[in-house]
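Mapping to the UniProt record's numbering: the sequence shown position 10 is 10, numbers consecutive.
Quick reminder that beta carbons are idealized off the backbone N, C-alpha and C, glycines included.
All figures in this text were calculated on a predicted structure; none of them were measured in a lab.
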Amino acid sequence: MSSRSQAIADILTRAIIDHRLVPGCKLGERELAEIFDVSRIVVRQSLIRLADDGLAQIERNRGAFVARPSMQEALEIYDALTLVEQGVAAQLSDRLGPAGWAELRQHVERQRQAVASGNDALADVLGQEFHTVFVRLSRNKVMQEIHAQLVRRTTLLRSLITADFDYCNLLDDHAKVIDLLEKGRLKQAMELIDMHHRSVVRGYIMDRQVFPELTPREALEPYLDGKSGEPPKPAPRKKAGENGAARAHAHVHASK
Numbered sequence: 001m002s003s004r005s006q007a008i009a010d011i012l013t014r015a016i017i018d019h020r021l022v023p024g025c026k027l028g029e030r031e032l033a034e035i036f037d038v039s040r041i042v043v044r045q046s047l048i049r050l051a052d053d054g055l056a057q058i059e060r061n062r063g064a065f066v067a068r069p070s071m072q073e074a075l076e077i078y079d080a081l082t083l084v085e086q087g088v089a090a091q092l093s094d095r096l097g098p099a100g101w102a103e104l105r106q107h108v109e110r111q112r113q114a115v116a117s118g119n120d121a122l123a124d125v126l127g128q129e130f131h132t133v134f135v136r137l138s139r140n141k142v143m144q145e146i147h148a149q150l151v152r153r154t155t156l157l158r159s160l161i162t163a164d165f166d167y168c169n170l171l172d173d174h175a176k177v178i179d180l181l182e183k184g185r186l187k188q189a190m191e192l193i194d195m196h197h198r199s200v201v202r203g204y205i206m207d208r209q210v211f212p213e214l215t216p217r218e219a220l221e222p223y224l225d226g227k228s229g230e231p232p233k234p235a236p237r238k239k240a241g242e243n244g245a246a247r248a249h250a251h252v253h254a255s256k
């Protein structure tokens with residue numbers, strides 16, 4: 001894939017993460033080619049990359065769309081994340097030294113401070129980062145790559161409305177996993193990792209009306225060359241009760 005195709009794929013991925021391109025949004029080759037001032041071949045390569053990452057669906061005779069995940073797919077993604085993190089847990093229980101345990105505990109403490117201050121947005125970001133740090137400490141590059149790809153697929157799930165979660169309970173799970181692993185109680189730690197991910201995925205409600213729909217040009221405009229260096233603001237969620245949407249506070253693992 002050309003560097004230009006990769007750059008476009010990165011922009012499209014960012015727009016999905018920022019909820020500017022919502023599930024089911026049409027990704028027309030011709031329109032995208034005009035927006036980015038490139039050939040349709042370059043755009044097609046970008047869309048294939050998004051499809052490989054599970055962020056887009058390419059349908060014969062219809063074109064490409066931002067993927068619209070089902071609850072079954074959400075369960076499968078989090079099952080896969082569980083298996084990867086359980087494998088990492090087995091490695092860390094035998095290999096991680098004092099510095100590694102300290103790094104994990106410091107991260108949990110930052111989460112605890114965010115929760116205590118009522119900063120749910122920061123608590124959510126730190127909750128996602130905990131899993132990335134956890135996997136990184138394994139120093140297994142293959143595990144990290146697999147985990148990162150799965151996390152990218154959760155970006156679509158973040159476009160779905162979620163029920164309220166108890167941040168304290170989810171934070172406590174992180175702290176308990178560290179305690180169990182440090183004490184050599186691997187089986188209990190692996191069971192907790194499974195329960196933790198299941199509690200997250202159960203919070204998803206499949207309603208794509210959480211974020212306002214924008215045209216591809218409107219959605220991508222902030223990312224185009226010549227704009228200010230400030231990152232574009234994510235699309236705002238619709239208010240509680242709007243189109244049947246429930247209140248959304250989430251601890252959602254995405255990129256965890």
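Contact between V115 and L171 holds, since their C-beta atoms are separated by about 6 Å, short of 8 Å. By DSSP's assignment, Q57 forms a beta bridge with F65. G87 is the residue among Q113, G28 and G87 whose C-alpha sits nearest the C-alpha of N140. Put simply, the stretch 67-76 does not touch the stretch 177-189. Fewer than three CB pairs are less than 8 Å apart. Non-local beta-carbon contacts of Q144 in its own chain, meaning distances under 8 Å to residues more than five positions away in sequence, involve V135, R136 and S138 in chain order. By the criterion of a C-beta distance shorter than 6 Å, I11 is surrounded in its chain by Y223, once the five residues flanking it on both sides are discounted. Fully enclosed beta strand (DSSP E) runs of no fewer than 3 residues occupy 63-66 of the stretch 59-131, in order along the chain. In this structure, DSSP gives L27 an extended state, which the three-state scheme calls strand.
Residue environment: I16 is assigned as buried (16 or more neighbouring CB atoms within 10 Å of its CB, all protein chains considered).
Scanning its chain for C-beta atoms nearer than 7 Å, with the 5 sequence neighbours on each side dropped, one finds around R4 the residues V38 and V42, in chain order. The continuous alpha helix (DSSP H) containing K187 extends over residues L186 to V201. Cβ-Cβ separation between E29 and G54: approximately 20 Å, too far for a contact (criterion under 8 Å). Ranked by Cα distance from Q149, the first of D124, R20, R49 and A123 is R49.
Rounded to whole angstroms, the separation of the alpha carbons of A102 and A175 is 12 Å. According to the DSSP assignment, H147 belongs to the alpha helix (DSSP H) that extends over K141 to L157. The beta-carbon separation of E182 and V22, rounded to 42 Å, does not stay under the 8 Å limit for a contact. For P216, the enclosing alpha helix (DSSP H) covers residues P216 to L220. Going by C-alpha positions, R60 is about 48 Å away from R112. Within the same chain, and ignoring the five residues on either side of L156 in sequence, the residues whose Cβ sits closer than 7 Å to its Cβ are I16, P23, L55, A67 and P69. Taking the Cα of R110 as reference, the smallest distance to any Cα among G127, R95, G97 and H197 is reached at G127. Of the candidates K26, E221, A51 and R105, R105 places its Cα closest to the Cα of E129. Here the alpha carbons of M195 and T82 stand approximately 9 Å from one another. Around the beta-carbon of P216, 16 or more other beta-carbon atoms lie within 10 Å, marking it buried.
Close CB contacts of R153 within its chain, under the 6 Å cut and outside five residues either way in sequence, are with G54 and I77 (chain order).
In this structure, the alpha-carbon of G203 lies about 20 Å from that of N119.
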